[in-house]
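Q: Sharing a structure with you now.
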Amino acid sequence: MARRDVLLGITQADAKLPEKQATPGYAMHGASKSMLSSIGVLAAAAAKADKLIEGAAVVEIETDLIDRSFVSDRMDDGDQPFLELLEAIRERGQDTPVLLRPNPAAEGRYQVVFGHRRVKVATYLGRPVRAVVKQLADIDHVIAQGQENSARENLSFIEKSVFSQQLLDLGFSRQIIQSSLSVDAPMLTRMLSVTKRMPDEVIKAVGAAKAIGRDRWIELTSLIERPGNQDKALDLIKTDEFKALESSERFNILYNSLTSKTNSTRKSTKTKSKTWTPADKTVAATITNTGASFNLALKSKDAGKFGTYISDNLDVFYRAFREAETKQTGD
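Taking the numbering used here, the leading residue of the sequence shown gets 696, the next gets one more, and so forth.
Shown next, in the form of structure tokens:
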């Protein structure tokens, strides 16, 4: 639905906006005074877009003719989402086209508006990518990219914040940024406050942190600004133990280290991490035990299947664990 909403918005907005100038029409298209009304706007537009997507011309484009968007809206979230999409497209083909525009800086080439992962998968498989190609100005491009990925990929608070800061640095107005992400002015101010006050290297080290919302990031920003805490944070994010954790867990470890009275670097050394790979190398596991939490991260070809098998058999594993505990204690 969200993808169709974006395509409809592009069609209606073509040739109405000069580049990098905000207009009332765009400011009202996605932004609103509340989250509820924002969702209503997107849902209503999506319903109207059904017929448009059915009639859009889909072509096949060789991936070596395609360049990335000039702005990134997604932070690296590991191999697993890519591997899952790879397997799905390998088995069923590419169901949904990507949106491209002719690259304004390179004749004969194209630029991704949204669908970077699908382009990456097509490149890996050596296939052309199925795409809709539209002539878009920069403003249309960023609004389409932000709206589609916010709705489809459920971008985290920090991903939206970093995207907003990039657009602001490129000279786009706050109204255009609000329209791109369907957020109101107060929310955008909070996003930009975090990216301006938080060191870039800390944000990059933590990553997308999908489970972490606005309030926790604002609290972490305030913690970072306390005397001595920035140095503590920069030391912690360089450790191998920290890097081995999943993104949201990295946030929690950093947050807890800055709220604890003990030295965060000394505390981080208590984290135990190890890796495991079977002989056929179809899966790779990173096991991290912080004492307070235990994290098992799976990657490579069979990661999804093996992870599903583990989760489906947790009752069996737990009973075996309890039986082993009973034998050891003699109870």
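Ideal Cβ positions, reconstructed from N, Cα and C, are used throughout, including at glycine.
If you measure between the beta carbons of F852 and I907, is that distance less than 8 angstroms?
A: yes
Q: Whose CA, out of N844, F1001 and T954, lies closest to the CA of K976?
A: F1001
Q: When DSSP builds the beta bridges, which residues end up paired with Q789?
A: Its beta-bridge partners do not exist; DSSP assigns none.
Q: May I ask which residues mark the beginning and end of the alpha helix (DSSP H) holding V828?
A: Not the alpha helix (DSSP H): V828 falls in the beta strand (DSSP E), residues V824 to V828.
Q: I'd like the span of the beta strand (DSSP E) that includes K994, first residue to last.
A: From DSSP, the beta strand (DSSP E) with K994 extends over F989 to K994.
Q: What is the DSSP secondary structure of A832, reduced to helix, strand or coil?
A: DSSP places A832 outside both helix and strand once states are collapsed to three, so it counts as coil.
Q: Is the number of C-beta pairs between the stretch 811–831 and the stretch 790–797 that are closer than 8 angstroms three or more?
A: yes
Q: Going along the chain, which residues of its own chain have a beta-carbon closer than 6 angstroms to the beta-carbon of L953, five neighbours each way excluded?
A: The residues are L918 and N924.
Q: Counting along the chain, where does the beta strand (DSSP E) carrying I948 start and finish?
A: Here I948 belongs to no beta strand (DSSP E); instead the alpha helix (DSSP H) covers S942 to T954.
Q: Would P792 be called buried (16 or more neighbouring beta carbons within 10 Å of its own) or exposed?
A: buried
Q: My output table needs one value for M723: the three-state DSSP class, helix, strand or coil.
A: The predicted model places M723 with a pLDDT of 36, which falls under 50 and marks its position as unreliable; any figure quoted below should be read in that light. Helix.
Q: Just checking my contact of V808 with A783 at CB under 8 angstroms: how many whole Å lie between their CB atoms?
A: That belief does not hold up - the Cβ atoms of V808 and A783 are roughly 21 angstroms apart, past 8 angstroms.
Q: R754 lies in the beta strand (DSSP E); which residues open and close that run?
A: Looking at the sequence provided, one finds Val at residue 754 rather than Arg. Looking at the DSSP string, the run of the beta strand (DSSP E) that includes V754 is V754 to I756.
Q: Hey, which unbroken runs of the alpha helix (DSSP H) at 4 residues or more fall wholly within the stretch 884–942?
A: 895–901, 909–919, 924–931 and 935–939
Q: Find the nearest neighbour of I898 within the set S856, G810, V878 and S874, judged by alpha-carbon distance.
A: S856
Q: Can you name the start and end residues of the alpha helix (DSSP H) that T1003 belongs to?
A: A998 to D1007
Q: Between A800, E786, S767 and R892, which lies nearest to H811 when the distance is taken from Cα to Cα?
A: The shortest C-alpha separation from H811 is found at S767.
Q: What does the Cβ neighbour count give for N947, buried or exposed, with the cut at 16 atoms within 10 Å?
A: buried
Q: D926: which of A801, P894 and R825 sits nearest, CA to CA?
A: P894
Q: Output the boundary residues of the beta strand (DSSP E) element that contains S808.
A: Note on identity: in this sequence residue 808 is Val, with Ser being the wrong assignment. Counting along the chain, V808 sits inside the beta strand (DSSP E) bounded by residues Y805 to F809.
Q: Give a yes or no on whether the C-beta atoms belonging to R825 and Q789 are separated by under 8 angstroms.
A: Yes, Cβ-Cβ distance for R825 and Q789 is below 8 angstroms.
Q: Any idea which residues DSSP pairs L794 with across the strands?
A: F809 and V827
Q: Assuming A1011 and L993 make a contact with CB atoms under 8 angstroms, what is their CB distance in whole Å?
A: For clarity, residue 1011 is Val in the given sequence; the question names Ala instead. With 8 angstroms as the limit, V1011 and L993 do not qualify as a contact, their Cβ atoms being about 18 angstroms apart.
Q: Starting from T981, trace the beta strand (DSSP E) both ways and give me its first and last residue.
A: A979 to N984
Q: I'd like to know whether the C-beta atoms of Q860 and T884 end up nearer to each other than 8 angstroms.
A: no
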